[in-house]
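For reference, the structure discussed in these notes is given below.
In the working numbering, the protein residues as written are 40 to 213.
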């Protein structure tokens with residue numbers, strides 16, 4: 040018997056956001072090991088305590104930018120759209136399914152005005168990387184590049200294939 044489901048988009052349903060994010064999702068691992076609360080003290084000097092309208096929670100702002108950098112979402116408009124539809128992103132930010140996603144212009148304004156000519160982004164990045172290293176979430180590797188342009192005399196039909204095994208522990212212990 041052929042059966043189709045119609046009009047389920049308008050049904051009300053109670054769900055637990057926690058149950059919708061897989062246990063092995065990368066953002067769960069990050070949330071478990073990285074304590075973002077240090078951001079509040081770092082940005083406190085850039086906010087007025089008793090004047091103006093309430094601001095967007097700085098943790099949400101920086102976590103939004105973290106999601107963008109981490110998952111390669113370069114456009115702030117695209118980041119806003121991705122957060123609207125990605126349950127794991129909402130869970131990581133502490134947003135309910137019915138909460139509005141902060142507007143992309145809020146990210147732009149803070150980046151271009153409030154934190155302009157500061158080292159706050161570098162400080163936050165450095166602290167996150169330090170915590171990740173302490174929890175053995177990242178491996179260190181030194182990369183050097185040379186921007187000299189030389190025409191290579193390489194033969195595309197003559198090469199040797201080698202498998203190189205590098206352990207992350209080797210970099211940490213150096």
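Built from N, CA and C at the ideal position, the CB exists for glycine as well. All figures in this text were calculated on a predicted structure; none of them were measured in a lab.
- prompt: Among the residues of its own chain, which have a CB less than 8 Å from the CB of residue 112, if the five just before and after it don't count?
  reply: 106, 118, 121
task: Excluding the 5 residues preceding and the 5 following residue 15 in the sequence, name in chain order all residues of the same chain whose CB lies nearer than 8 Å to its CB.
output: An answer regarding residue 15 cannot be provided, because it is not within the stretch 40 to 213 covered by the chain.
- prompt: So residue 81 and residue 163 are in contact, right, with Cβ under 8 Å, and what is the actual spacing, rounded?
  reply: 6 Å
message: Less than 7 Å between the C-beta atoms of residue 78 and residue 109, yes or no?
response: Note that the C-beta distance between residue 78 and residue 109 is not below 7 Å.
- request: Could you tell me the boundaries of the alpha helix (DSSP H) in which residue 198 lies?
  value: Run containing residue 198: none; DSSP gives neither H nor E here.
task: List the whole-angstrom C-beta distance separating residue 56 from residue 136, where the pair is believed to meet the contact cut-off of C-beta under 8 Å.
output: 7 Å
Burial state of residue 53, where buried means 16 or more other Cβ atoms lie within 10 Å: exposed
message: Report the CB separation of residue 170 from residue 74 in whole angstroms; it is logged as a contact under 8 Å.
response: 7 Å
Contact set for residue 46: own chain, Cβ-Cβ below 7 Å, skip 5 residues either direction: none
query: Secondary structure at residue 109, three-state DSSP: helix, strand or coil?
result: helix
task: Closer than 8 Å by C-beta to residue 68: which residues in its own chain qualify, once you throw out the five before and the five after it? Chain order, please.
output: Sequence-distant partners of residue 68 (beyond 5 residues in either direction) whose C-beta falls short of 8 Å from its own C-beta, in its chain, are 176.
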